[in-house]
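Numbering (our numbering), first residue to last: -12 to 239. Glycine included, every Cβ here is placed at the ideal spot set by N, Cα and C. Fair warning: this is a prediction, and the values are worked out from it, not measured in the lab.
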């Protein structure tokens, strides 16, 4: 029996893409899954129905992660439905949008991540796990230059990672572990599509540098694996295509 059997996982930003596949994979391992979405209810409902059709348990909860009251309601509904929360996957991110305000990237990728963790700590038990999902472009931004179109997002995501990492002593005191999963550009994601549109050839350039890029499902598999992996708190799992980032970072 999976170690996730009967446990509850909240996956932010999970109505599509990497988050949706992560939700499906965790449900397949026996977890009750909370599928979070900001606007597109039909997409989230579809993910829930797919999980249930496969014999799993899930609910869809609307919550804008930049709204503290929404975040608290997200966890309240998770507890009401399943009795508790054991795992938090911080997958929701953004900042490439042009219609959500000048400071939206920092608001979502740093402030909302911190606030979501604070809300989760009211429910996560000893033995709980928090997984923060990021990109190599963000994780290495202090040492490796990225595309100008992505700099603001990358810096905001790195700020989020640093803010959460600084809370590891607080988490450890509660018996909760924290893990970071960092991936290269992912084929088929909204961010990769937007970046390639802004800078034609960006995807091909990363394919050449990395050898190949992960698919949405492959990256989701790595995230799901780190939910139960036997790794120390603070562990950073670099998923595919990190060699050139490590080489550049080591040379500075």
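Option in the options with minimal Cα separation from residue i
i, options, result
"residue 136", "0, 178, 41", "178"
"residue -3", "228, 158, 67, 216", "67"
"residue 229", "148, 126, 118, 27", "126"
"residue 131", "21, 231, 18", "231"
"residue 17", "124, 105, 38, 190", "38"
"residue 96", "65, 140, -9", "140"
"residue 46", "63, 121, 90", "63"
"residue 104", "154, 198, 3", "154"
Cα-Cα separation, residue i to residue j
i, j, result
"residue 180", "residue 11", "23 Å"
"residue 239", "residue 233", "Because the pLDDT of residue 239 is 45, which lies under 50, any placement of that residue in the model is unreliable, and the question is left without a value."
"residue 59", "residue 147", "19 Å"
"residue 56", "residue 99", "11 Å"
"residue 176", "residue 128", "20 Å"
"residue 61", "residue 182", "31 Å"
"residue -12", "residue 80", "For residue -12, the predicted structure reports a pLDDT of 42, less than 50, and the residue's modelled location is therefore unreliable. The matter cannot be settled from this model."
Cβ-based burial, residue i [other Cβ within 10 Å; buried from 16]
i, result
"residue 218", "exposed"
"residue 82", "buried"
"residue 221", "exposed"
"residue 237", "exposed"
"residue 6", "buried"
"residue 73", "buried"
"residue 188", "exposed"
Start and end residues, beta strand (DSSP E) containing residue i
i, result
"residue 174", "First-last for residue 174: undefined, no H or E at that position."
"residue 225", "223 to 226"
Own chain residues within Cβ distance below 7 Å of residue i, not counting five before or after
i, result
"residue 162", "113, 114"
"residue 204", "8"
Alpha helix (DSSP H) segment containing residue i, residue limits
i, result
"residue 13", "4 to 15"
Spatial neighbours of residue i in its chain, beta-carbon cut-off 6 Å, leaving aside the 5 residues before and after
i, result
"residue 101", "150"
"residue 3", "30"
Own chain partners of residue i with C-beta closer than 8 Å, once the 5 adjacent residues on each side are dropped
i, result
"residue 226", "168, 169, 170, 171, 201, 206, 209"
"residue 110", "62, 65, 66, 71, 72"
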